[in-house]
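Residues in the sequence shown are numbered consecutively from 12, following the numbering used here. Have a look at the structure below, then the notes.
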Amino acid sequence: MTPPTTLGTAPRVKPPPDRVGTPEVSIVVPIHNEQDSLAALVEQIRAALEPTPWPWEILGVDDGSSDGSAEAWTRLVMEDSRLRQVQLTRRFGQTAAIAAGIAAARGQYVVLLDADLQNDPADIPEMVTHLESGYDVVSGWRQDRQDSWLTRRLPSQMANALISRVSGVRLHDYGCTLKVYRRECLEGLQLFGEMHRLIPLYLAWQGARIMEMPVHHRPRLAGRSKYGLSRLPRVILDVGVAMFLIRYSDRPMRVFGGFGLVSIGAACVCAVWAIYWKLVQGVAFIVTPLPLLTVFFFLVGALALLMGLLAEIMVRTYYDASPRPYYRVKEVTGSVDRVT
Numbered sequence: 012m013t014p015p016t017t018l019g020t021a022p023r024v025k026p027p028p029d030r031v032g033t034p035e036v037s038i039v040v041p042i043h044n045e046q047d048s049l050a051a052l053v054e055q056i057r058a059a060l061e062p063t064p065w066p067w068e069i070l071g072v073d074d075g076s077s078d079g080s081a082e083a084w085t086r087l088v089m090e091d092s093r094l095r096q097v098q099l100t101r102r103f104g105q106t107a108a109i110a111a112g113i114a115a116a117r118g119q120y121v122v123l124l125d126a127d128l129q130n131d132p133a134d135i136p137e138m139v140t141h142l143e144s145g146y147d148v149v150s151g152w153r154q155d156r157q158d159s160w161l162t163r164r165l166p167s168q169m170a171n172a173l174i175s176r177v178s179g180v181r182l183h184d185y186g187c188t189l190k191v192y193r194r195e196c197l198e199g200l201q202l203f204g205e206m207h208r209l210i211p212l213y214l215a216w217q218g219a220r221i222m223e224m225p226v227h228h229r230p231r232l233a234g235r236s237k238y239g240l241s242r243l244p245r246v247i248l249d250v251g252v253a254m255f256l257i258r259y260s261d262r263p264m265r266v267f268g269g270f271g272l273v274s275i276g277a278a279c280v281c282a283v284w285a286i287y288w289k290l291v292q293g294v295a296f297i298v299t300p301l302p303l304l305t306v307f308f309f310l311v312g313a314l315a316l317l318m319g320l321l322a323e324i325m326v327r328t329y330y331d332a333s334p335r336p337y338y339r340v341k342e343v344t345g346s347v348d349r350v351t
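Written as structure tokens, this is what we have:
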């Protein structure tokens with residue numbers, strides 16, 4: 012792996028006339044208190060994409076910055092028509108900023124890139140080339156990560172191992188923001204919470220072709236990291252929600268109903284056990300907790316079954332009212348005219 016490029020300011024190059032218009036590559040940059048990095052980031056993106064044949068744009072999404080990042084990006088937008096700004100009314104979080112950027116992007120290839128200069132924009136052209144070869148998602152892998160082992164790398168390794176194990180979609184680095192997507196794969200994708208790191212998981216469930224590519228990683232030189240050990244519990248909860256939505260969003264009764272049947276089965280076992288002790292061993296019901304456990308497990312099981320039924324009704328109501336089907340068509344071939 013080649014060493015990261017040197018940070019600095021590249022020569023400004025104005026876009027030639029034939030490069031102005033609808034972009035093919037949209038680079039979405041969520042921004043929160045990264046004022047000192049923005050000018051260098053834009054110059055590095057220019058240096059990386061100017062030699063390529065693709066028209067491009069950069070969408071800076073300001074997520075409620077308080078350090079002047081919004082004003083700094085506004086000045087950059089006024090200097091280059093290929094830069095655009097999406098400014099949120101307050102801080103909503105990185106996932107919301109990414110969702111807003113994706114919604115505003117116009118290119119057929121959408122690149123997600125952090126504003127902290129730790130990812131190298133020079134990796135973007137190769138990642139886009141992989142998309143052109145047939146992949147739907149190219150995920151960055153910070154193979155030589157330049158972060159603290161205890162507070163950053165260890166939690167990340169634990170989270171990646173957990174997500175890969177539970178989901179079956181094995182990536183080394185879910186947390187790397189630098190990823191490139193085909194736009195059509197992102198259409199209709201609803202992001203919430205902190206689900207941006209799990210986008211490849213959702214797309215893999217829809218049949219997207221995913222590859223992982225080692226990318227350069229550099230130490231942070233400005234600003235302050237927003238990640239640490241405190242995010243690991245939230246990652247675990249997000250994975251649980253994601254797996255439920257992916258596997259059971261269209262058939263929730265399999266979860267609630269399965270749990271309810273197990274609970275009712277446990278109630279039956281407790282009831283039989285209590286009756287056996289009463290009739291064979293002569294032990295009174297009030298001596299053991301088995302009657303209470305029987306009632307408890309039965310009520311829990313019945314409530315789980317009712318929740319599953321309500322969830323099934325809600326899911327069917329949602330799909331009946333939604334114009335978007337729960338499946339995704341890859342291709343339709345053949346003539347529309349019936350051959351007689």
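All C-beta atoms in this analysis are idealised placements derived from N, C-alpha and C, irrespective of residue type, glycine included.
Coil, strand or helix - Arg95 by DSSP: Residue state, collapsed to three classes: strand.
CA-to-CA distance, Arg262 to Ala285, given in whole angstroms: 36 Å
Within its chain, find whatever has a CB closer than 6 Å to the CB of Tyr146; leave out the 5 residues flanking it on each side and keep chain order. Arg220 and Met222
Three-way DSSP call (helix, strand, coil) for His228 in this model: Reduced to three states, the DSSP call for His228 is strand.
Residues in the same chain with beta-carbon distance under 7 Å from Thr299, minus the five sequence neighbours each way, listed in chain order, please. Only residues of its own chain outside the window of five on either side were considered, and among them Ala285 and Trp288 have a CB closer than 7 Å to the CB of Thr299, listed in chain order.
Tell me the DSSP secondary structure of Arg193 in three-state form. strand
Between the beta-carbon of Gly151 and the beta-carbon of Ser167, is there less than 9 Å? no
Secondary structure at Asn130, three-state DSSP: helix, strand or coil? strand
For Gly345, which of helix, strand or coil comes out of DSSP? coil
Using CA coordinates, which residue listed in Pro132, His43 and Arg265 is at the minimum distance from Leu321? If you compare the alpha carbons of Pro132, His43 and Arg265 with that of Leu321, the shortest gap goes to Arg265.
Check for me: the alpha helix (DSSP H) holding Glu90 runs from which residue to which? Ser80 to Glu90
Taking all protein chains shown into account, do 16 or more other C-beta atoms lie within 10 angstroms of the C-beta of Phe267, making it buried, or fewer, making it exposed? buried
Going by DSSP, what residue range makes up the alpha helix (DSSP H) through Ser37? Here Ser37 belongs to no alpha helix (DSSP H); instead the beta strand (DSSP E) covers Val36 to Ile42.
Would you report the Cα separation of Tyr213 and Ile257, rounded to the nearest angstrom? 7 Å
Nearest CA to the CA of Asp249: which residue from Ser178, Val53, Val36 and Ile297? Ser178
Could you tell me the distance, in whole angstroms, from the CA atom of Ala313 to the CA atom of Met325? 19 Å
Going by the beta-carbon positions, is the gap between Arg208 and Val252 smaller than 9 Å? no
Decide yes or no for the touch test of the region 95–102 against the region 168–175: beta carbon pairs closer than 8 Å, at least 3 of them. no
Where do the N-terminal and C-terminal ends of the alpha helix (DSSP H) with Glu61 fall, by residue? Here Glu61 belongs to no alpha helix (DSSP H), and DSSP marks it neither H nor E.
Are Thr106 and Phe203 touching if we call contact CB-CB under 9 Å? yes
Segment limits, alpha helix (DSSP H) that includes Val273: Met264 to Tyr287
Span of the beta strand (DSSP E) around Glu68: Note, Glu68: beta strand (DSSP E), Trp67 to Asp73.
So, is Leu317 buried or exposed, given that buried needs 16 or more other C-beta atoms within 10 angstroms? exposed
In or out: Tyr120 buried (at least 16 other Cβ within 10 Å) or exposed? When all chains shown are included, Tyr120 counts as buried.
What residues in its chain sit with their C-beta under 7 Å from that of Ile109, if we drop five residues either side in the sequence? Val39, Pro41, Leu123, Leu202 and His207
Determine whether the Cβ of Tyr259 lies closer than 9 Å to any Cβ atom of chain E. Protein chains in the displayed structure number just one, and chain E is not present.
Does the distance from the CB of Asn130 to the CB of His228 come in under 9 Å? yes
What are the boundary residues of the beta strand (DSSP E) that includes Tyr120? Tyr120 to Leu123
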